[in-house]
Amino acid sequence: MAASPRTSIGFEVLLSALKNEGDVESTLNILNVLDELLSAGTDRRIHYLISKGGSEALLSVLVNTGLSFCPNYTVLLPLLHLLAKVGHRDSRIGLKAEETGAVLLTLNLLKHNAKHVKMAAACLWVIEVFSSSVSAANVIGENHGLDVIFHLIPQYTTKNLHTIKAAINAFTALLCSKANVCSVISKGYISGLLHLYEDWHSKDTQHTAIEIRHMLLRCLHKVTHNNPGRQAFISKGGLRLLYHTTQTDLLIKGLESLIEPSVQLMRKCLPKTPLPLTSDQSAYTFLLPGRAHAVPDVDMAPDNSSEESDDDDADKQQAESKDYDDDLETDVNRLCLRPDLDRPIELLPQYGHLCPELSHDFKELNLSSEPEESSPSSDEEAVLLNTFSPHSTRMDRKKGDSNNELSTSSSGSQSETETSTKENTTGAAQLETPDVLCHSSILGCRTTVRELRVEATPGLKGNEQVEEQEGGEEFPHCTMIDMLLKRHGACIPHHEPQLYRAVATQTKSIPGFSILPFPDFWGHVPPARHEPMVPRKPNIQRQKVFEDVQRFLNTADIINQVVYDLEDSSFSLSLFVSLQCLSDSLRFFSNFECGNLRKAVHIRRYEYDLILNADANCSQHTQWFYFEVSNMVADVPYRFNVINCEKSNSQFNYGMQPVLYSVREALEGRPHWTRTGTEICYFRNHFCPAQGRRKTNFYTLTFTITFKHNEDVCYVAYHYPYTYSAMKAHLNVLQKSVDPAIVFFRQQILCSTLAGNLCPVVTITACPASRAWKDMHQLRNRPCIVLTSRVHPGESNASWVMKGTLEFLCSSDLVAQCLREAFVFKIIPMLNPDGVINGTNRCDLNSKDLNRQWCKPDPILSPTIYHTKGFLYYLNSIGRTPLVFCDYHGHSRKKNVFLYGCSVKETLWQSGSAVDTLGLKEDPGYRGLQTGTRELQEMGVKFCHSLLSVTKDMKALYDRRLSNHIGLDHNILDHKSHNFFEDDEPPCVEEIEYSTNCPTLKGTDLDSDINSNMAIEDEDEDGDGIGQRGAKQQQGSIGVLQQSNMKSCLFPDSIGQASIKTLIEKRNKCQGVSIVNGQITS
2 MAASPRTSIG FEVLLSALKN EGDVESTLNI LNVLDELLSA GTDRRIHYLI SKGGSEALLS
62 VLVNTGLSFC PNYTVLLPLL HLLAKVGHRD SRIGLKAEET GAVLLTLNLL KHNAKHVKMA
122 AACLWVIEVF SSSVSAANVI GENHGLDVIF HLIPQYTTKN LHTIKAAINA FTALLCSKAN
182 VCSVISKGYI SGLLHLYEDW HSKDTQHTAI EIRHMLLRCL HKVTHNNPGR QAFISKGGLR
242 LLYHTTQTDL LIKGLESLIE PSVQLMRKCL PKTPLPLTSD QSAYTFLLPG RAHAVPDVDM
302 APDNSSEESD DDDADKQQAE SKDYDDDLET DVNRLCLRPD LDRPIELLPQ YGHLCPELSH
362 DFKELNLSSE PEESSPSSDE EAVLLNTFSP HSTRMDRKKG DSNNELSTSS SGSQSETETS
422 TKENTTGAAQ LETPDVLCHS SILGCRTTVR ELRVEATPGL KGNEQVEEQE GGEEFPHCTM
482 IDMLLKRHGA CIPHHEPQLY RAVATQTKSI PGFSILPFPD FWGHVPPARH EPMVPRKPNI
542 QRQKVFEDVQ RFLNTADIIN QVVYDLEDSS FSLSLFVSLQ CLSDSLRFFS NFECGNLRKA
602 VHIRRYEYDL ILNADANCSQ HTQWFYFEVS NMVADVPYRF NVINCEKSNS QFNYGMQPVL
662 YSVREALEGR PHWTRTGTEI CYFRNHFCPA QGRRKTNFYT LTFTITFKHN EDVCYVAYHY
722 PYTYSAMKAH LNVLQKSVDP AIVFFRQQIL CSTLAGNLCP VVTITACPAS RAWKDMHQLR
782 NRPCIVLTSR VHPGESNASW VMKGTLEFLC SSDLVAQCLR EAFVFKIIPM LNPDGVINGT
842 NRCDLNSKDL NRQWCKPDPI LSPTIYHTKG FLYYLNSIGR TPLVFCDYHG HSRKKNVFLY
902 GCSVKETLWQ SGSAVDTLGL KEDPGYRGLQ TGTRELQEMG VKFCHSLLSV TKDMKALYDR
962 RLSNHIGLDH NILDHKSHNF FEDDEPPCVE EIEYSTNCPT LKGTDLDSDI NSNMAIEDED
1022 EDGDGIGQRG AKQQQGSIGV LQQSNMKSCL FPDSIGQASI KTLIEKRNKC QGVSIVNGQI
1082 TS
């Protein structure tokens, strides 16, 4: 808001008079008037004064007064104070001061008045303000200003505290310049600052100088802004000093303002430590078709960040944290026409076989039961039935689905799929189907750990094994696992261990997995109770940081022994177990499907650093973990540190826990993945890439597990694992579970992946009531709903939601029956099989995020996306554009279940739909819970319920019986929902990032320092400095008005009584301008 016209005129008059006034009395009066005006108003008045040239006017008076033969310090003192107040709000004050020559003048005034505490303080405040400009700070540094100011900071004292504060703040402000920082380091001032902090800490027993100690910490933060500063800080014992001082401060209440900056400074200065790896590249490499090398080209330029400051870290992290696509809704100009086909339209008919419901003739259905009038004429029926070529009979489907339907059904539509498979032969040749072993310790009540291996019959194909088991034949080799299954009778709904093992033999991986993890083989049942979010222990991150600092300070306690290395053959299972059978360290293993743990290092007796494997063929995307741990001692807290996480925040900071599966518990009848871990936090650490070739910040996920049993074998994972083999086995179980006369369930192959794994697509709908024309017509005109999942391998929760969807759609539930009768579901349960199999987090074997390949997918390098998009094109080309398309994902930093997707404007504009998609928001029903597999599968069911709202004939499906069944009040979407972006997590209670700067202490500001400094009496001064000489010169000539308002306190308290009347008169009437209650009137 601009100032009033009268105020505007008044300011201009005062500034003009200030520049032209020559006598001391008038200058003091104008300065006092300006101070009263600015103090009575808000910052807007000061900014208005600046816009009218107020800063330039004050600088001009300063230069003119300071350069005179005998500077008048009675004018200079209030002038400097007012200049500091105004300049503090002027972003260009430093540049203006350089142009007028005020920078060096102020520095010279400081040098000549170093022993005059008030004058020195005033000069220091102005220097602090000028240092907002890097060039001004450089000028001061080049003229020995750093040396002058540093020597004004004494050891502990109770005198002249305002001047000491001003000196520290001015010294800190000058460190905005890299040149000044380098000068401070080279002159050894870091050691001096540390000695000052130690002295003030040890002698300030009454804690009256907390503000000065905090200012010294701020100064240390500034000087350690680059790598040489941090190295000097460490070499001078800064880490050890801060560690011990904070341990002392923790025992005293009210010192939090010192503890947190100290902790942040220690985190910042811990030496950058390369990850103990031979290469940043993933341990898994895959030769891509058409490339001579397995590893894609990467930027091998050296990282020079060690010499740079950390100014851009916050912006970098903010950019990286945005892991969702830009919302086109906010920019109408970005709306574009529907894109053209990315392939010849002649290729689309190859996807016709993926619509078997259109070609199946349902000959097994009994036509005699239908009324004659319900059928059309024989010619009409013949035309309808002959429009689509027969695909298979019911008997063929019943007997051969697991074989024939898992291969391309129509030879005429295989061309592109076959081409893709041939192109991938080079890469797939590396991967041989291994003998699958079930690795686990089978634990009796009184037995020790034993190694078990269950080998699949060599030379027997997976489908043949499935058929053997379906026919009731036993495996050729009776193994311990078979006996365990008989003894313990593992019975998990929709899970068959032997079927899982048979399917897993056909799964192709880069390393050729030969071990089957016990949880995936045995199965999982959700715990009986919900698992709420775990309250965060206060200051737990601080405690972990202290422990990490101790690792650096007390190296005698460090074991630093590698106990597992994915790349070292000596850590293969059999050899490793035999070598470490007598060791008391934990044993780790991750060389199995979906597993991810690259290296484990034994740090201290009960502490281990864990390093995750990057996505195949690249050096990034470390988040997902899944590994086996054994040889533990019960009731002992083990600390695990996952030290190379990359995301800038995590739900682990807000109550989420990792999951654990105990083999002993499973064999005792409790086969549960359960949430586990205490003292959990997620924060930025001091590790850096092994080769230092890319600037990456790593984060530590630390958690403590206390195992229940001695010699147990446990599995720990980021989230509930769901493997590719589990998905395939689950589809086979579902196919056997449905009644083929009621549910049309068909598995087919969309395409082969880079590694040669099959990507299945499932069709689910209701069989027609008969072959009558009306029923067949209704079937072949049902709208399609397309559901996909798991394009990001690390989002295993998406697969559990999809599992719930599949099981519900195949169930006898009334809603499921209605949905099958209304829709044809086309489901691709896993868009990235290779990534899931090899334990990657984000990418496929081509090192690309498949969810970013939709615009122009490569048929060779991104076959699943290419063919999914082609199938969608095909559906659109035959007039069966999906009514709903939903891709299931997980999110690492948001709770609950929510829905979001395309821009509303984009969706409505492209489709011409009048549906408000913004109405689909988050249901807060799961808030406060850690979502388990029960809740995830329930989400899949509820999603299916919501599909009733998009049926065309709502009344036919939505009768009273159905409403009562699903418990809704005639409005499926009528619930209290929230936009999920509005419910984002609040900032973490502890700083995830370590601050590059120390924030100013609350309750302190420049104005209050200036006012309180001028309100106190002059303190004793040593020597006969300029301050005393100036006082003698001005004695009896002019004083300064004593202010009752503490906001305006520019002048000394001792004034001549004879001058008060004159000053008041001149103050209230200055060139025709009057001041009443802080307002200017003319």
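Counting in the working numbering, the final residue of the sequence shown is number 1083, and the numbers go up one at a time with none missing.
Cβ atoms here follow ideal geometry from the backbone N, Cα and C, with glycine treated the same way.
Give every residue of the same chain whose Cβ lies closer than 6 Å to the Cβ of residue i, excluding the five residues on either side of it in the sequence, and list them in chain order.
i, result
"Y285", "I511, A617 and N839"
"L862", "N847"
"A115", "A121"
"V127", "L81, L84, A85 and T107"
Which residue wins for smallest C-alpha separation from residue i, given the options the options?
i, options, result
"K696", "N139, S620 and S996", "S620"
"V135", "C177, G102 and R772", "C177"
"C492", "S584, Q282 and E669", "E669"
"W625", "S571, G513, N597 and S570", "N597"
"V762", "L755, S771, I750 and A773", "I750"
"D341", "K870, Q931, Q938 and E358", "K870"
"C844", "Y889, S800 and E796", "E796"
"S264", "S283, L243 and S790", "The displayed chain sequence assigns Val, not Ser, to residue 264. Of the candidates S283, L243 and S790, the one whose C-alpha sits nearest the C-alpha of V264 is L243."
"S947", "S571, G929 and F899", "F899"
"L815", "G880, D200, R747 and A767", "A767"
"C356", "C785, H89 and V643", "C785"
"T705", "R676, Q692 and A730", "R676"
"K600", "S570, R606 and P79", "S570"
"T225", "I765, H245, V185 and T249", "V185"
"D1010", "L486, T164, L29 and A770", "T164"
"H496", "Y719, K729, M267 and P350", "K729"
What are the partner residues of residue i, as DSSP defines its beta bridges?
i, result
"V825", "C785"
"T952", "None; T952 has no bridge partner."
"N642", "D610 and T703"
"T274", "F688"
"A756", "In the DSSP output, where bridge partners are listed per residue, A756 has none listed."
"V717", "F628 and L661"
"L930", "P533"
"N597", "Y627"
"P767", "Pro is not the amino acid found at residue 767; the sequence shown has Ala there. The partner list for A767 (beta bridge, DSSP) reads V744."
"D148", "The partner list for D148 (beta bridge, DSSP) is empty, contrary to what the question assumes."
"R588", "S631"
"Q749", "V762"
"C682", "T703"
Could you name the residues of the same chain whose beta carbon sits closer than 8 Å to that of residue i, not counting the 5 residues immediately before and after it, in chain order?
i, result
"L106", "L63, V64, G67 and L68"
"E13", "K53"
"E373", "Because the pLDDT at E373 is just 41, under 50, the model does not fix this residue reliably, and the value given afterwards should be weighed accordingly. There are no such residues."
"S651", "M657, Y683, Y700, L702, S893 and R894"
"N642", "I604, E608, Y609, D610, L611, T701, L702 and T703"
"P536", "G656"
"T274", "H687, F688 and C689"
By the DSSP assignment, the alpha helix (DSSP H) with residue i in it spans what residues?
i, result
"C220", "I211 to V224"
"F1090", "No answer is possible for residue 1090: it lies beyond the span of the chain, which begins at 2 and ends at 1083."
"F131", "V118 to F131"
"T675", "Run containing T675: none in the alpha helix (DSSP H); it sits in the beta strand (DSSP E), W674 to R676."
"R772", "Note, R772: premise wrong, no alpha helix (DSSP H); not H, not E."
I'd like the span of the beta strand (DSSP E) that includes residue i, first residue to last.
i, result
"H603", "K600 to R605"
"D888", "V885 to Y889"
"Q562", "Q562 to D566"
Please return the same chain residues whose Cβ sits closer than 7 Å to the Cβ of residue i, not counting the five positions on each side in sequence.
i, result
"D558", "R605"
Enumerated in chain order, which unbroken segments of the beta strand (DSSP E) with a length of 3 residues or greater are wholly contained in the stretch 480-535? Listed in chain order, they are 516-518.
Suppose only complete runs of 4+ residues qualify. What are the alpha helix (DSSP H) ranges in the stretch 783-863, listed by chain order? Listed in chain order, they are 797-810, 815-823 and 834-838.
Alpha helix (DSSP H) runs contained entirely in the stretch 152-212, provided each spans 4 or more residues: As far as the stretch 152-212 is concerned, its whole alpha helix (DSSP H) runs of at least 4 residues are 162-175, 179-187 and 190-204.
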